[in-house]
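As structure tokens, the structure follows; a few thoughts come after it.
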């Protein structure tokens, strides 16, 4: 058996490998940024992940202003940190979307049709995917979801469908009783 090689005699690559084996301590700002991205996903109903390519400062500010009018916040998170923290969360399937110049738009009371118009207006902004009510969606699913009627409209339609048979039954019962009373009145008039 030979004696173990001293660390000082290892090549530079070997030392790097040994150093990489130690757990890394991340800076506080990276930890806070990672916690913040997970919090965004947990506290908002609608989160859009998009890629922005070569936007000027004016275009970026205009886009943020337009999104703000729709009650949507826009934030850029570091991609590597986002991937690391999202892989350990329920949103691990959306983590691969965070690459190159990626940003997140999020909000709760969002009109999806108007948001899609904002994304389509600028050719340098590409919608990659979204998490809407804890469901991960691609661009096609988002467009389909935007074309669905609102929940309020569906409730009113369901209510009218459910009340229609009872209204019909009530009308039929009232028709018979009113016919009977008219017939009795005519009978009384003829006999008197």
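Numbering (my numbering), first residue to last: 5 to 196. Ideal Cβ placement from N, Cα and C applies to all residues, glycine included.
For residue i, which option in the options has the closest C-alpha, if you only look at C-alpha atoms?
i: residue 80; options: 105, 178, 154, 188; result: 105
i: residue 39; options: 56, 87, 73, 54; result: 87
i: residue 75; options: 162, 136, 114; result: 114
i: residue 73; options: 119, 125, 130; result: 119
i: residue 140; options: 94, 192, 154, 61; result: 94
i: residue 90; options: 55, 35, 78; result: 35
i: residue 67; options: 30, 121, 29, 187; result: 121
Mind checking who residue i pairs with in its DSSP beta bridge?
i: residue 61; result: Paired residue(s): none; residue 61 is not in a bridge.
i: residue 56; result: 129
i: residue 111; result: 50
i: residue 193; result: In the DSSP output, where bridge partners are listed per residue, residue 193 has none listed.
i: residue 135; result: 51, 140
i: residue 79; result: 108
Pull up the distance between the alpha-carbon of residue i and that of residue j, whole angstroms please.
i: residue 71; j: residue 33; result: 26 Å
i: residue 97; j: residue 149; result: 19 Å
i: residue 178; j: residue 168; result: 15 Å
i: residue 143; j: residue 132; result: 6 Å
i: residue 137; j: residue 57; result: 28 Å
i: residue 180; j: residue 112; result: 52 Å
i: residue 123; j: residue 157; result: 26 Å
i: residue 130; j: residue 159; result: 34 Å
i: residue 116; j: residue 50; result: 9 Å
i: residue 184; j: residue 166; result: 29 Å
i: residue 195; j: residue 161; result: 51 Å
i: residue 190; j: residue 171; result: 28 Å
i: residue 155; j: residue 101; result: 29 Å
i: residue 92; j: residue 174; result: 58 Å
i: residue 108; j: residue 153; result: 25 Å
i: residue 77; j: residue 47; result: 13 Å
i: residue 182; j: residue 192; result: 15 Å
i: residue 145; j: residue 151; result: 10 Å
i: residue 55; j: residue 69; result: 17 Å
i: residue 99; j: residue 31; result: 21 Å
If you check the beta carbons only, do residue i and residue j fall under 8 Å apart?
i: residue 53; j: residue 134; result: yes
i: residue 126; j: residue 103; result: no
i: residue 110; j: residue 42; result: no
i: residue 164; j: residue 85; result: no
i: residue 128; j: residue 62; result: no
Against chain B, does residue i count as a neighbour if the rule is that its beta carbon must be under 8 Å from one of theirs?
i: residue 154; result: Included in the structure is just one protein chain, with no chain B present.
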